[in-house]
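The numbering used here numbers the first residue of the sequence shown as 7 and each following residue consecutively.
A short write-up of the structure that comes next.
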Amino acid sequence: MRWISFAFFNVWRNGRRSLFTILVAAVAVAAILTTSGFALFTYQSLAEKAARDEGNFIITHQQFLKEEEDTPLQYGLEDTETLIEQLSSDEDIKSVLPRINFNGLVSNGEKSSIFIGLGVEPDEFMVKGPFLTMLEGKALSNFGNEDEAEVVLGKELARNLKVQVGDYITLMSTTTDGALNAFDFTVRGIYTTGVPDLDKRQLYVKLSDAQSLLYTEKVSSLSVYLFDINKTEQKVSDYQKRDQSLQFTPWWERAFYYQSVKDLYNRIFGLLGGIMVLLVFFSISNTMAMTVTERTREIGTVSAMGSYQWEIIRNFVLESSIIGFIGASLGIIASAFIAWGLVYVGLEMPPPPGSNKGYPLTITFSWEIAGIVLFTMVLVCVLAALKAAHKGSSKSITEALSHV
């Protein structure tokens, strides 16, 4: 503690220079934590969205994701009731939802357009939360008219067909036998996903109506939703071992947008972090070089009094470590306040590519990352001090005492 106390007082012998170096370290740490916090929030948000869209993992036929189907539901799942009951008995599983993916032509009687359809249980709109923004009407529900097939359309698809809530449209698709079939549906609602390309083609119908249209009892997949997203890998591994006849696919293998964004951000913010670390290294190197030069005669004096070279180097390393620790601590505090302030300010980011909806600017503060950055900054300062102190303490006593 005595040597740390001496080092602390030596830091403030030239207070203005030390303060400037501390501020450089603080700004660098705040920049690293702020950008990494933004990236971390983005990763968490995209992960939650991906898991919410298709489930924490999906269960399909072995060939469903590997080969293109020649006929609708060629690789569909049959007799899923027993499997759903088994999965539902797992305490970690919140819900198991069957789904049918199909496509075809949608017509208002005068104009037709290609559609991408999803046959789902109405409970999906409750389990997944607000994944769609309803602009008009309502989402599919179990309390609707059982005698009338209902559909909800993407905003752009409804606009192209010039239909509104309550209008009738016709869906035409190929059945599992290869024949054409057509059903009339009532428009129950119009929504937007925030992605224009999806809004132009996508629609939702009830699972039973999709099965009637395709003339089948099969489903394309089962979407499994967990209470804790962190248990996904464990559950996929457990169930895959139990049943090798089915394919259990975790959400990240289907989240192509998530993977692309994560790779991009890792490169961008990794480069930015590297630049910040180099900035601190050169700043502390310059500070310690000037400090050692100014105190060369002092080094010669303590050497003449019997101090070892490693003791002299230790003193400068302690001073540099104090500068790095104080600067990093101030940067951590600043980034924590920035993260807290953004929650209350409510700033919005512009829509990302491929979307027309912005999202809140939020930073996730991570103590784990803060600890790593703090250790890195102190280590950088130690290395910079070692370089400068070793050069200054290597001079002979006579040379050091005669230094002007």
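For glycine and all other residues, C-beta sits at the position ideal for the given N, C-alpha and C.
Could you work out which residue in S11, I378, S119, Y263 is closest to V201 when comparing CA atoms only?
Ranking S11, I378, S119, Y263 by Cα distance to V201 puts Y263 first.
Give the straight-line distance between the Cα atoms of L39 and E223, rounded to the nearest whole angstrom.
52 Å
Put I175 into one of helix, strand or coil per three-state DSSP.
strand
Using 8 Å as the threshold, is the segment 364-384 in touch with the segment 254-274, meaning 3 or more CB pairs across them?
no
Contact between the segment 159-177 and the segment 190-198 is defined here as three or more beta-carbon pairs at a separation below 8 Å; is this criterion met?
Segments in contact, yes.
For D190, which beta-bridge partners are listed by DSSP?
T176
Could you check the C-alpha separation between F381 and E162 for me, to the nearest Å?
52 Å
In angstroms, rounded to a whole number, what distance separates the CA positions of A261 and Q253?
CA-to-CA, the gap between A261 and Q253 works out to about 17 Å.
What would DSSP say about Y197, mapped onto helix, strand or coil?
strand
My understanding is that V157 touches I196, with C-beta atoms under 8 Å, so please give their C-beta distance in whole angstroms.
Contact check for V157 and I196: beta-carbon distance about 10 Å, past the 8 Å limit, so the pair fails to qualify.
Using a Cβ distance threshold of 8 Å, determine whether the segment 372-392 contacts the segment 320-336, with at least three qualifying pairs required.
yes
Closest by CA to F108, which one among T88, W373, G43, L220?
L220
Give the DSSP-derived three-state secondary structure of F63 in the structure shown.
strand
Measure the Cβ-Cβ separation of V445 and R58 and say whether it is below 8 Å.
Beyond the ends of the chain as shown, which are 7 and 410, falls residue 445; an answer cannot be given.
Which value, in whole angstroms, describes the spacing of the CA atoms of F233 and N62?
9 Å
Quick check on DSSP: helix, strand or coil for A212?
Note that residue 212 is Lys in the sequence shown here, rather than Ala. Strand at K212.
Output the boundary residues of the alpha helix (DSSP H) element that contains S94.
87-94
Among T238, V351, S341, which residue has its Cα nearest to the Cα of G377?
S341
Specify the secondary structure class of T139 as computed by DSSP and reduced to three states.
strand
Tell me the DSSP bridge mates of Y365?
M355
So, L213 versus F121, is the Cβ gap smaller than 8 Å?
No. Outside cutoff.
How far does the beta strand (DSSP E) with E162 in it extend, from its first residue to its last?
Note, E162: premise wrong, no beta strand (DSSP E); alpha helix (DSSP H) at 161-167.
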